[in-house]
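Just so you know, the sequences run in chain order S and H.
The numbers in the working numbering rise by one with no breaks, and the one at position 79 of the first sequence is 79.
Just remember that the working numbering sits 294 ahead of the position in the second sequence, which is counted from 1.
Every residue gets a Cβ at the ideal spot worked out from N, C-alpha and C, and that includes glycine.
Working notes, structure below.
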Amino acid sequence: MLGRRRNKVKWGAYLFLLPAFTLFAVFVAYPIGFNGYLSFHNWNGVSDTWQWVGLEHFERMFGERTIRLSLRNASFFFIGHLVNMAIALLLAVLLNNPIPGRNLARTLIFIPFVVAGSIVAVTWQTIYDPNLGPLNAILRGVGLDSLAQNWLADPKLAIWSIVVVGIWAGLGFNLVVYLASLQSIDQSLRDAARVDGAGRLQVFRFLTFPLLRNTHLVLIMLGIIGAVQGFEVPFIMTGGGPYGATTTLAIEVYKNVFNFSEFGYGAAVSVFTMVILVMLILLQRFLLREQRID
Amino acid sequence: MFAADRSLRRFNLFLMVVVTTALMLPIILALSRSVESPWGFRTYLWALSDPRLPRFYLNSSIVSAGTIILTVSCASLAGFAFSKFEFPLKSVLFLMLLITLLVPLTTAIIPLFVLIRGLDLYNSYLGLILPLAAFGVPFHTVLIANYLNSLPNELVEAAYIDGCSDFGVFWRIMLPLSMPVQAVVIVLTFLGSWNNYLLPLILLRDQALHTVPVAAVNVGSLAALFLLAVPTLIIFLLFQRVFIGSVTSGAFG
Chain S
1 MLGRRRNKVK
11 WGAYLFLLPA
21 FTLFAVFVAY
31 PIGFNGYLSF
41 HNWNGVSDTW
51 QWVGLEHFER
61 MFGERTIRLS
71 LRNASFFFIG
81 HLVNMAIALL
91 LAVLLNNPIP
101 GRNLARTLIF
111 IPFVVAGSIV
121 AVTWQTIYDP
131 NLGPLNAILR
141 GVGLDSLAQN
151 WLADPKLAIW
161 SIVVVGIWAG
171 LGFNLVVYLA
181 SLQSIDQSLR
191 DAARVDGAGR
201 LQVFRFLTFP
211 LLRNTHLVLI
221 MLGIIGAVQG
231 FEVPFIMTGG
241 GPYGATTTLA
251 IEVYKNVFNF
261 SEFGYGAAVS
271 VFTMVILVML
281 ILLQRFLLRE
291 QRID
Chain H
295 MFAADRSLRR
305 FNLFLMVVVT
315 TALMLPIILA
325 LSRSVESPWG
335 FRTYLWALSD
345 PRLPRFYLNS
355 SIVSAGTIIL
365 TVSCASLAGF
375 AFSKFEFPLK
385 SVLFLMLLIT
395 LLVPLTTAII
405 PLFVLIRGLD
415 LYNSYLGLIL
425 PLAAFGVPFH
435 TVLIANYLNS
445 LPNELVEAAY
455 IDGCSDFGVF
465 WRIMLPLSMP
475 VQAVVIVLTF
485 LGSWNNYLLP
495 LILLRDQALH
505 TVPVAAVNVG
515 SLAALFLLAV
525 PTLIIFLLFQ
535 RVFIGSVTSG
545 AFG
């Protein structure tokens with residue numbers, strides 16, 4: 001009888017949904033539709049008329065050097081994220097041991113993640129400064145003058161300088177997530193493996209690493225999202241330069257809209273970003289589901 | 295049993311100290327750069343007396359508080375309905391929320407700019423709060439609904455038998471019981487709204503309304519930059535456990 005009551009339709013439920021779905025409809029669903037519609041038009045942001053241009057913006061986009069660079073940079077950011085995950089995992093395994101002061105270490109490493117990305121960006125700008133920056137000062141101080149670089153102005157180097165900032169700022173997050181997952185693995189499993197004669201490396205390779213599979217997947221997905229929609233750190237540190245070497249899709253959207261008033265083209269790049277993101281996430285889910293062993 | 299354990303423990307400690315110091319080096323270097331001659335620590339005195347800084351803290355506090363209040367109320371009500379009520383289109387509506395989790399705020403800046411300008415909310419706190427909350431609500435609704443699913447339905451039924459209204463059940467039973475997940479929602483919304491750079495960049499004109507992240511870019515001195523980071527650090531250090539726990543459960547949510 002109670003079970004039946006639970007299934008009774010409750011019209012009052014819609015009242016509970018009303019605030020959330022009003023916000024959602026006005027500020028999420030409508031903007032997404034608007035973006036799609038705008039991407040087929042020319043619009044300068046103020047005039048009353050929208051000029052239909054069909055797929056013109058998308059065709060232009062695929063020929064644009066800056067868009068290709070954005071995609072390349074997104075893949076570099078993703079590589080950085082994989083490096084980040086590797087460092088975070090090793091650190092998590094280390095901090096999973098009973099070391100005095102390990103909570104303090106975790107807290108300190110987590111700090112860059114809590115602080116605003118723009119503060120991190122300006123801090124690193126100072127560090128990379130070719131003349132007054134501490135990085136070059138240290139290199140010169142130890143006699144490695146030849147290694148002192150113009151970190152953010154060299155087109156080949158700039159993107160990697162920014163990837164390093166991303167790794168540094170995101171490490172604490174990955175570390176904390178890995179650490180929590182490690183702590184949820186039954187310690188007796190590892191002890192049993194050790195008693196059976198497995199070395200520390202073997203325990204890690206054949207037991208711990210595969211058991212963290214879900215965590216790897218979550219972090220990879222978050223890495224994809226972060227890499228594709230990167231904005232503030234390169235925008236603040238280099239403005240996407242030199243010559244587009246550190247640009248991202250979001251920076252291209254921003255520039256086209258707020259510097260050149262090309263709202264239609266900007267919308268097309270936004271739509272493209274969204275499509276890539278959804279495709280990559282679905283692809284990742286698909287590829288990694290195929291390999292399921294259990 | 296393992297003879298090498300003692301020296302291994304020492305090696306672990308050594309490794310941890312080295313790695314942590316290396317990771318803190320950028321902060322240490324930038325801090326020492328901020329007190330270099332000719333002015334030394336006086337730059338911090340000047341920054342402290344800069345009247346703009348309290349204003350930036352205030353702006354960020356208003357935007358964050360507004361976003362947190364709006365997100366918590368909308369997401370709790372909706373999460374409760376999804377978890378404990380049956381109604382037509384329930385799964386369709388829930389799926390809609392799940393799909394939008396894939397659409398980040400970054401890809402919607404053009405329509406949001408046009409919309410906020412059209413609603414006459416450009417250059418206002420509310421113009422930041424509404425989209426920030428709207429893009430957080432789907433995720434937090436799912437988070438709260440999942441949490442409430444783990445609570446027994448008998449609690450709800452008992453309350454109805456005692457004569458509670460729908461809202462009474464929500465307010466007296468569900469809300470108090472969902473405090474652990476509410477803490478997660480608050481922390482994640484705080485981080486997301488306090489640190490957001492893109493929205494204030496495109497939706498504010500007056501420097502008087504600037505929030506901390508946009509202010510940081512042209513605040514002038516390193517001393518002022520670091521002072522801008524202080525409130526976040528204090529809040530983080532005070533609520534460390536909740537922060538780290540929230541971020542972890544947010545990742546798996």
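- Message: Using DSSP's beta-bridge definition, name the partner residues of His41 (chain S).
- Response: DSSP links His41 (chain S) through a beta bridge to S:Trp52.
Next on the checklist: Buried or exposed, going by whether 16 or more other CB atoms sit within 10 Å of the CB of Glu330 (chain H)?
Outcome noted: In the assembly as shown, Glu330 (chain H) is an exposed residue. Its beta-carbon has fewer than 16 other beta-carbons within 10 Å.
Can you list, in chain order, the residues of its chain whose CB lies under 8 Å from that of Asp295 (chain S), leaving out five sequence neighbours each side? With chain S covering only 1 through 294, there is no way to say anything about residue 295 (chain S).
>> Let me see if you follow: with CB-CB separation under 8 Å, is Asp460 (chain H) close to chain S or not?
In response: Using a CB distance cut-off of 8 Å, Asp460 (chain H) counts as an interface residue toward chain S.
Note to self: So the candidates are S:Gly226, S:Arg285, S:Ala250; which of them puts its Cα closest to the Cα of Phe77 (chain S)?
What the structure shows: Selected option, being the one with the closest Cα: S:Gly226.
| Where does Leu232 (chain S) sit, in a helix, a strand or coil, going by DSSP? | Residue 232 (chain S) is actually Glu in this sequence, not Leu. Note: Glu232 (chain S) maps to helix in three-state DSSP.
Open item on the list: Just verifying my parser: in three-state terms, what is the DSSP assignment at Val436 (chain H)?
Closed with: Of the three classes helix, strand and coil, the one that applies to Val436 (chain H) here is helix, per DSSP.
Legend entry - Contact set for Leu493 (chain H): own chain, Cβ-Cβ below 6 Å, skip 5 residues either direction: Contacts found: Leu422.
*asked:* Give me, in chain order, the residues of the same chain whose beta-carbon lies closer than 7 Å to that of Ala268 (chain S); leave out the 5 immediate sequence neighbours on both sides.
replied: If we look at Ala268 (chain S) and ignore the five residues flanking it on each side, its Cβ neighbours are Ser39, His57, Phe58, Met61.
| query | Which one of H:Asn447, H:Leu503, H:Val313 has the shortest CA to CA distance from Tyr416 (chain H)? | reply | Selected option, being the one with the closest Cα: H:Leu503.
| query | Which whole-angstrom value is the C-beta distance of Ile159 (chain S) and Thr273 (chain S), which I expect to be below 8 Å? | reply | Their Cβ separation, rounded to whole angstroms, is 18 Å, which puts Ile159 (chain S) and Thr273 (chain S) out of contact at 8 Å.
| Test item: CB-CB of Ser118 (chain S) and Ala510 (chain H) under 8 Å | Yes, the pair counts as a contact, with Cβ atoms nearer than the cut-off.
DSSP three-state assignment for Val408 (chain H), whether helix, strand or coil
In this structure, Val408 (chain H) counts as helix in the three-state DSSP scheme.
- Message: Using a Cβ distance threshold of 8 Å, determine whether the segment 109-116 of chain S contacts the segment 171-189 of chain S, with at least three qualifying pairs required.
- Response: Contact between the segment 109-116 of chain S and the segment 171-189 of chain S is present, with at least three C-beta pairs closer than 8 Å.
Note to self: Quick test of your reading: Ser328 (chain H) and Phe520 (chain H), contact by CB under 8 Å. State the CB separation rounded to the nearest angstrom.
What the structure shows: That pair is a contact at about 6 Å.
Against chain H, does Pro130 (chain S) count as a neighbour if the rule is that its beta carbon must be under 8 Å from one of theirs? Interface criterion not met: the Cβ of Pro130 (chain S) is under 8 Å from no Cβ in chain H.
**Report entry** Short CB-CB distance (under 8 Å) between Thr208 (chain S) and chain H
**Finding:** False, the Cβ-Cβ gap to chain H never drops below 8 Å.
Where the segment 43-70 of chain S meets chain H: residues whose CB sits under 8 Å from a CB there: From the segment 43-70 of chain S, only Gly45 have a Cβ closer than 8 Å to chain H.
In the segment 139-163 of chain S, which residues sit with their C-beta less than 8 Å from some C-beta in chain H, listed in chain order? Those would be none; no residue qualifies.
Exercise for the section: Would you tell me roughly how many angstroms separate the C-alpha atoms of Phe546 (chain H) and Leu90 (chain S), rounded to the nearest one? Expected result: Their backbone Cα atoms lie some 20 Å apart in a straight line.
Considering Cys368 (chain H), what are the terminal residues of the alpha helix (DSSP H) in which it resides? Counting along the chain, Cys368 (chain H) sits inside the alpha helix (DSSP H) bounded by residues 346-378.
message = Quick check: what's the CA-CA separation for Arg4 (chain S) versus Thr526 (chain H)?
response = For Arg4 (chain S), the predicted model reports a pLDDT of 44, less than 50, meaning its position is unreliable and no value from the coordinates is stated.
From Phe449 (chain H) to Val479 (chain H), what does the alpha carbon distance come to, in whole angstroms?
One detail in the question is off: residue 449 (chain H) reads as Leu in this sequence, not Phe. Roughly 23 Å separates the two Cα atoms.
Item checked: Buried/exposed call for Gly430 (chain H), threshold 16 Cβ in 10 Å -> Burial call: buried.
- Which residues DSSP lists as bridging Val9 (chain S), in chain order: Beta-bridge annotation (DSSP): Val9 (chain S) is paired with H:Glu380.
*asked:* Considering only the alpha carbon of each residue, which of S:Leu212, S:Val203, S:Arg205 lies closest to Gln183 (chain S)?
replied: Among S:Leu212, S:Val203, S:Arg205, the Cα nearest to that of Gln183 (chain S) belongs to S:Leu212.
Reference Phe263 (chain S), options S:Phe204, S:Thr126, S:Trp11, S:Val53, closest by Cα: Nearest neighbour of Phe263 (chain S) by Cα position, chosen from S:Phe204, S:Thr126, S:Trp11, S:Val53, turns out to be S:Val53.
task = Indicate the three-state DSSP secondary structure (helix, strand or coil) for Asn150 (chain S) in the structure shown.
result = Note: Asn150 (chain S) maps to coil in three-state DSSP.
*Specify, as a first and last residue, the run of the alpha helix (DSSP H) that Trp168 (chain S) falls within.*
First-last of the alpha helix (DSSP H) with Trp168 (chain S): 155-184.
Determine whether the Cβ of Ser261 (chain S) lies closer than 8 Å to any Cβ atom of chain H. Put simply, the CB of Ser261 (chain S) is far from chain H, with every gap to its CB atoms at 8 Å or more.
Taking C-beta pairs closer than 7 Å, name the residues in chain H that Lys10 (chain S) reaches, listed in chain order.
Residues of chain H passing the Cβ test: Phe379, Glu380, Phe381.
*asked:* Would you call the segment 27-38 of chain S in contact with the segment 395-409 of chain H, where contact means no fewer than 3 C-beta pairs closer than 8 Å?
replied: Touching, yes, given that three or more Cβ pairs across the two stretches are closer than 8 Å.
By Cβ distance below 7 Å, which residues in the same chain neighbour Val513 (chain H) in space, the five residues on each side in sequence not counted? Only Leu519, Leu522 meet the Cβ criterion.
- Message: In whole angstroms, give me the CA-to-CA distance for Leu55 (chain S) and Gly36 (chain S).
- Response: Taking the straight line joining both Cα atoms gives about 11 Å.
field: Unbroken alpha helix (DSSP H) run spanning Pro525 (chain H), endpoints
entry: Where Pro525 (chain H) is concerned, the enclosing alpha helix (DSSP H) stretches over 516-532.
What do you get for Pro425 (chain H), buried or exposed, if any count of 16 or more other CB atoms within 10 angstroms of its CB means buried?
Counting Cβ neighbours within 10 Å, Pro425 (chain H) comes out buried, since at least 16 surround it.
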